[in-house]
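J.:
Residue numbers (the numbering used here): 156 to 775.
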């Protein structure tokens, strides 16, 4: 890792103070020079801490770690413990250096996402490519992306095919094959072919811009554990200052003894009391956990959501695009008077002017070029289907209501899915079954959630009851509710949150209709790759590869992070209390106090960094 400028300066200051301290201990060196060298070393290594303490005092912030370090070291100088005063500041700075390096390491996994920011976009003008800023590209422009370049804006491929590296976006290691007609997202790396892409939005609306915004604001929300440290320090710091003052004044008055001895003990007490390990390690642990999650394509908007993720007991799922692929396809064809191919072709022609996903799936199933000139009349009847004039015949393609309008009785079907009935001139021709398909990870996701302690899994959908029942049975979900409007989902989750007020409720969705309920839930989780912009913006956690198993991984990462936080809190406070007692009794000296404080901090930092290691989190 490349060291930052400030870190290099800190290293130089540390080395300089060590050298001066070694020179100060040169045999036969005059006392005046010894004191002078220690004073210079103190200024070099501790001036910024003293300045911070004085600045905070002017702001009315009397009790922080800078204040504790300053009064302890100034007191050490006052009683003639010059090397010890320098050592306190020196080892404190070493601990801070370790902390800085650790923060940079954990930040690196998140900041790696910054590499997805495109530097330019190629716009073709008069046969020449012109490089412009992605923010200057209007919607609907044609951009050219060559091999080795990042896709600068979201859009659809109008010509070309290639392999895309989406690892930085989704965490997926395998490249993705794309070709004409496919939608691509900004931030993907083009590996092989030349692409011509029609942009679907501005750079500010692009996937890469939204991800970068999430990354930059990932630490805005504080977890309860972080808030605990703030509250703890608010009471802890003035308390130890008061105890130190009493330790310096009361024993000499009551039991007698030298004032300097008890003053020295009180100063040691102050050095030990500095809560560096807690202040540094707890936020660092959460930050490392967020960084580790990002490696898996899980973007967490704040440590508070990561902490809540560890305590989830109820997970509510949307169906389409969440548990299922959201890509409809023809799964069955039942023809009465035509061949299956003829039935699909007739339905595809009737649906040729519709942009509905069901219509698109039927056209895809036809697998032949459609001659739209055969369609001379077209009417879309809302909630029923399509009526079209094809080859001078009146063709009906839709549900049972449309068949009733055509004067025919459709054939019943036991297959699960959306039934598209076809009739020609009031003669029933058959029907086509269009179904959504499960994501391959959905079954395992539900099983792993239950195994990890989630008490209830629920599915909410606007789809028909029979379709919802079929999907719920396949994934073994505990409860499902079908034929819901967006407002129904909101009301359901609202009631659920009130019922389970002590344990967070997670909702997982992807569509624009899911945005309100994602926002309402304690933890809103959005599918980032195919999810709507509104859902992603409303979400607290975004799954960039649309893999529901990431929910389980996120929970495991959150629980590991929280476990490390608790370990650091117990370890730091336990060692701190023990050393405070020993310091008050005069068992440990200033050097031992310094090593104890710095040692605890470094061990807590190293422990915190375990949060970023998530490669085998599902096996733990």
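A virtual CB, placed ideally from N, CA and C, is assigned to each residue, including glycine.
The structure displayed is predicted, hence computed values, not measured ones.
Cα separation between residue 233 and residue 729?
T.: The residue given as residue 233 occupies position 78 in the chain shown. The residue given as residue 729 occupies position 574 in the chain shown. Going from the Cα of residue 233 to the Cα of residue 729 covers about 30 Å.
J.: Taking the beta strand (DSSP E) that residue 552 belongs to, which residues open and close that run?
T.: Indexing the chain shown from 1 puts residue 552 at position 397. Taken as a continuous stretch (DSSP letters only), the beta strand (DSSP E) holding residue 552 covers 548–553.
J.: Would you identify the three-state DSSP class for residue 617, choosing helix, strand or coil?
T.: Here residue 617 corresponds to residue number 462 of the chain shown, with the count starting at 1. Residue 617 falls in the coil class under three-state DSSP.
J.: When you compare the CB positions of residue 140 and residue 532, do they come within less than 8 Å of one another, or not?
T.: This structure cannot settle anything about residue 140, because the visible part of the chain is limited to 156 through 775.
J.: Beta-carbon separation of residue 351 and residue 314 under 8 Å?
T.: Counted from its first residue, the chain shown places residue 351 at position 196. Counted from its first residue, the chain shown places residue 314 at position 159. Yes.
J.: Could you pull out every residue in the same chain whose Cβ sits closer than 7 Å to the Cβ of residue 326, ignoring the five residues on either side in sequence?
T.: The count along the chain shown starts at 1 and reaches residue 326 at position 171. Low confidence applies here, because residue 326 scores a pLDDT of 46, under 50, leaving its location unreliable; read the following figure in that light. Closer than 7 Å at Cβ, skipping near neighbours: 450, 451, 452, 699 and 700.
J.: Indicate the three-state DSSP secondary structure (helix, strand or coil) for residue 171 in the structure shown.
T.: Stepping through the chain shown from its first residue, residue 171 is reached at position 16. Looking at residue 171 - three-state DSSP - the assignment turns out to be helix.
J.: Buried or exposed for residue 500, please, with buried defined as at least 16 other CB atoms from any protein chain shown within 10 angstroms of its CB.
T.: Here residue 500 corresponds to residue number 345 of the chain shown, with the count starting at 1. Residue 500 should be labelled buried.
J.: Which same chain residues, not among the five before or five after residue 697, have their C-beta less than 6 Å away from its C-beta?
T.: Within the chain shown, the letter at position 542 stands for residue 697. Counting only Cβ-Cβ distances below 6 Å, and skipping sequence neighbours, we find 454, 681, 683 and 691.
J.: Compute the distance between the beta-carbons of residue 673 and residue 448, then report whether it is under 8 Å.
T.: Within the chain shown, the letter at position 518 stands for residue 673. Within the chain shown, the letter at position 293 stands for residue 448. No, Cβ-Cβ distance for residue 673 and residue 448 is not below 8 Å.
J.: Residues in the same chain with beta-carbon distance under 7 Å from residue 509, minus the five sequence neighbours each way, listed in chain order, please.
T.: Your numbering for residue 509 matches position 354 in the chain shown. Taken in chain order, the residues that qualify are 535 and 541.
J.: Do three or more CB pairs link the segment 479–491 to the segment 725–740 at distances below 8 Å?
T.: no
J.: Give me the residue from 169, 392 and 572 with the minimum Cα distance to residue 516.
T.: The residue given as residue 516 occupies position 361 in the chain shown. Closest option to residue 516, Cα to Cα, is 572.
J.: Who are residue 314's beta bridge partners in DSSP?
T.: Indexing the chain shown from 1 puts residue 314 at position 159. 351, per the DSSP bridge assignment.
J.: Does residue 590 pass the burial test, meaning 16 or more other C-beta atoms within 10 Å, or should it be called exposed?
T.: In the chain shown, the residue the question calls residue 590 occupies position 435. The residue is buried, with at least 16 neighbouring Cβ atoms inside 10 Å.
J.: If you reduce the DSSP assignment to three classes, tell me which class residue 298 lands in.
T.: For this step, residue 298 is matched to residue 143 along the chain shown. Strand at residue 298.
J.: If you scan the segment 171–216 from start to end, which runs of the alpha helix (DSSP H) of 4 or more residues do you find wholly inside it?
T.: 186–213
J.: Count the other CB atoms within 10 Å of the CB of residue 828; is the residue buried (16 or more) or exposed (fewer)?
T.: Coverage of the chain is limited to positions 156 through 775, which leaves residue 828 absent and any answer about it impossible.
J.: If we ignore side chains and look at the alpha-carbon of each, how far apart do residue 245 and residue 178 end up?
T.: Position 90 of the chain shown, counted from the first residue, corresponds to residue 245. Position 23 of the chain shown, counted from the first residue, corresponds to residue 178. Rounded to the nearest angstrom, the two C-alpha atoms are 16 Å apart.
J.: Excluding the 5 residues flanking residue 404 on each side, which residues of the same chain have their C-beta closer than 7 Å to its C-beta?
T.: The count along the chain shown starts at 1 and reaches residue 404 at position 249. Closer than 7 Å at the Cβ level, and outside the excluded window around residue 404, lies no residue.
J.: Check whether the Cβ atoms of residue 614 and residue 726 lie closer than 8 Å to each other.
T.: The residue given as residue 614 occupies position 459 in the chain shown. The residue given as residue 726 occupies position 571 in the chain shown. Inclusion of residue 614 and residue 726 in the CB contact set at 8 Å is not warranted, their separation being larger than that value.
J.: Whose C-alpha, out of 610, 580 and 346, is nearest the C-alpha of residue 306?
T.: Residue mapping note: residue 306 aligns to position 151 of the chain shown, counting from 1. The candidate whose alpha carbon is nearest that of residue 306 is 346.
J.: I need the straight-line Cα distance from residue 487 to residue 505, nearest angstrom please.
T.: One-based indexing of the chain shown puts residue 487 at position 332. One-based indexing of the chain shown puts residue 505 at position 350. Cα-Cα distance, rounded: 18 Å.
J.: Figure out for me which residue from 546, 583 and 599 has the closest Cα to the Cα of residue 630.
T.: The residue labelled residue 630 in the question sits at position 475 within the chain shown. Looking at the Cα atoms, 599 is the closest of the given residues.
J.: So within the segment 518–549, which uninterrupted beta strand (DSSP E) runs reach at least 3 residues, ignoring any that extend past its ends?
T.: 530–536 and 540–545
J.: Within the continuous beta strand (DSSP E) that includes residue 573, where are the two ends?
T.: Locating residue 573 in the chain shown gives position 418, counting from the first residue. Per DSSP, residue 573 belongs to the beta strand (DSSP E) from 573–579.
J.: Mind checking whether residue 719 and residue 440 have CB atoms under 8 Å apart?
T.: On the chain shown, position 564 is the one that residue 719 refers to. On the chain shown, position 285 is the one that residue 440 refers to. Yes, the pair counts as a contact, with Cβ atoms nearer than the cut-off.
J.: Beta-carbon within less than 6 Å of residue 266's beta-carbon, same chain only, minus the 5 sequence neighbours each way: which residues are those?
T.: As a working note, residue 266 is residue 111 in the chain shown. Low confidence applies here, because residue 266 scores a pLDDT of 48, under 50, leaving its location unreliable; read the following figure in that light. No residues qualify anywhere along the chain.
J.: Do you know whose CA, among 183, 645, 494 and 360, lies nearest residue 670's CA?
T.: As a working mapping, residue 670 is identified with position 515 in the chain shown. Out of 183, 645, 494 and 360, 645 has the C-alpha closest to the C-alpha of residue 670.
J.: State buried or exposed for residue 185, treating a residue as buried only when at least 16 other CB atoms are found within 10 Å of its CB.
T.: Here residue 185 refers to the residue found at position 30 when the chain shown is read from its first residue. Exposed is the call here.
J.: Tell me whether the beta-carbon of residue 361 lies closer than 8 Å to the beta-carbon of residue 335.
T.: Taking the chain shown and counting its residues from 1, the one referred to as residue 361 is at position 206. Taking the chain shown and counting its residues from 1, the one referred to as residue 335 is at position 180. Not in contact: residue 361 and residue 335 (Cβ atoms no closer than 8 Å).
J.: Assuming residue 296 and residue 278 form a contact by the criterion Cβ under 8 Å, report the distance between their Cβ atoms to the nearest whole angstrom.
T.: Reading the chain shown from its first residue, position 141 is the one you call residue 296. Reading the chain shown from its first residue, position 123 is the one you call residue 278. Residue 296 to residue 278, Cβ: 6 Å. Contact.
J.: According to DSSP, is residue 592 helix, strand or coil?
T.: Within the chain shown, the letter at position 437 stands for residue 592. Correct three-state label for residue 592: coil.
J.: May I have a chain-ordered list of the beta strand (DSSP E) segments no shorter than 3 residues that lie completely inside the segment 420–486?
T.: Restricting attention to beta strand (DSSP E) runs no shorter than 3 residues, the segment 420–486 encloses them at 453–455 and 469–473, ordered along the chain.
J.: I need the DSSP call for residue 583, collapsed to helix, strand or coil.
T.: Within the chain shown, numbered from 1, the residue matching residue 583 stands at position 428. Strand, per DSSP.
J.: Between which two residues does the beta strand (DSSP E) holding residue 655 run?
T.: To locate residue 655, count along the chain shown from 1; it is residue 500. Per DSSP, residue 655 belongs to no beta strand (DSSP E) and is neither H nor E.
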